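For reference, each letter of the sequence shown is one residue, going -18 to -1, 1 to 137 in mature numbering (1 follows the signal peptide of the UniProt record, and there is no 0).
What follows is a short report on a single structure.
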Amino acid sequence: MNKLFFCLVILFIAAVHAVDITQVNTITTDGAIAAAQAVLQAARKGEHTVAVSVIDRNGKYRLLISDDNAGPQTEESAKRKAFTAVSFGRPTSNLTATAGGDGVTIHDIPDTLFLAGGVPIIYEDLPIGAIGVGGAPSGDIDEQYARAGLAALGL
């Protein structure tokens, strides 16, 4: 009986030490602020009012801000573009063609938006977050502003 108990204790201790732990890179709060400031500056230079969303790898919002006079739809657009970009690890402009089709497609995934304006933040070949922009006259311009945020991060 004591031998059985001792063996079970040893197995339990071995199992506890066998737990795998990993470290994951993510966008910091300071990085999110720097990226958003760069986006707003680029948009203001282009005379547009936009909303900016910066999220981490898990889709958690690190920052969401709309510039003065940005339309009411811009925040939702920015949030969903960022979520889509980090989920697929690609700019949303690269996904628009694959979102359509007959039957169920990636377009049907909740909270996604397949319009240009979302870019993933890639570090060491993995998405660690994303920047979404909404409010410029076209998604291509939104994406240009989102890329200004990437540049502010040195990416």
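A virtual CB, placed ideally from N, CA and C, is assigned to each residue, including glycine.
Note that the structure is predicted; figures quoted are calculated from it, not measured.
- Taken atom to atom, the span from the alpha-carbon of Ser75 to that of Asp2 is near 37 Å.
- Per DSSP, the continuous alpha helix (DSSP H) segment holding Leu132 begins and ends at 121 to 134.
- Under the three-state reduction of DSSP, Ala52 is assigned to coil, being neither helix nor strand.
- Closest option to Arg72, judged by alpha-carbon separation, among Asp12, Tyr105, Ala16, Gln23: Tyr105.
- Classified as exposed, Thr87 has fewer than 16 neighbouring CB atoms from the shown chains inside 10 Å of its CB.
- DSSP, read as helix, strand or coil, puts Ala112 in strand.
- The C-alpha of Gly111 lies about 14 Å from the C-alpha of Gly136.
- Close CB contacts of Ile15 within its chain, under the 7 Å cut and outside five residues either way in sequence, are with Leu45 (chain order).
- Spanning the alpha carbons of Ala133 and Asp84 requires a straight line of approximately 38 Å.
- Excluding its 5 nearest sequence neighbours in each direction, Asp50 has C-beta neighbours in its own chain below 8 Å: Thr31, listed in chain order.
- Considering only Asp107, Val115, Thr4, Gln55, the residue with the shortest C-alpha distance to Ile37 is Val115.
- By the 16-neighbour rule on beta-carbons within 10 angstroms, Ser59 is buried.
- Around the beta carbon of Glu29, fewer than 16 other beta carbons lie within 10 angstroms, which makes this residue exposed.
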